[in-house]
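Please read the structure below before turning to the comments.
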Amino acid sequence: MTTIRFIREGIDIQCKPGENLRELIIREKLQLYGLKGILGNCGGAGQCSTCFVSVEGGTKNCLSPLTSVEEEKLKNRPDNWRLACQTLIKSSAVILTKPQSPPTNLRDLKEFSENKKLPR
Ligand code: FES
């Protein structure tokens, strides 16, 4: 088992390596989508670009490499953004959901997360 820390929600969730990040978020009933994605998303087909997350911590290879879909859809986005539907979990990571609407206390959340050791 590995652990994904969701810093917006303040929770650590255990999962199996190889799980799809979007499916994990939905299964755990976390909010993945902003309004646009709530109104209409592609269901994980890599077409709508509404399932953004940012990777805020973890090892270099904690997630699967960018897919060709992500390389196209994330061209003008920060380097640490991913499409959750295209991302497989390899090992523990720290994730921010909806990075397009960051919480006002993001710096505090990151600091708190850094001070709390992430389980392997
Ligand atoms: S759910 Fe549509 S791109 Fe990920």
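Quick note on numbering: the working numbering labels position 34 of the sequence shown as 116, and the sequence is numbered without any gaps.
Note that CB positions come from ideal geometry on N, CA and C, so glycine has one too.
- Within the DSSP bridge table, the entry for Gln-96 names Thr-85 as partners.
- Under the DSSP definition of a beta bridge, Phe-134 partners with Leu-165.
- Its chain contains Ser-136 and Val-137 as the residues whose beta carbon lies nearer than 6 Å to that of Asn-162, once the 5 sequence neighbours on both sides are disregarded; these appear in chain order.
- With contacts defined as CB atoms closer than 8 Å, Leu-178 and Leu-165 fail to qualify as a contacting pair.
- Checking the 7 Å criterion, the Cβ of Ser-150 is out of range of every heavy atom belonging to ligand 1.
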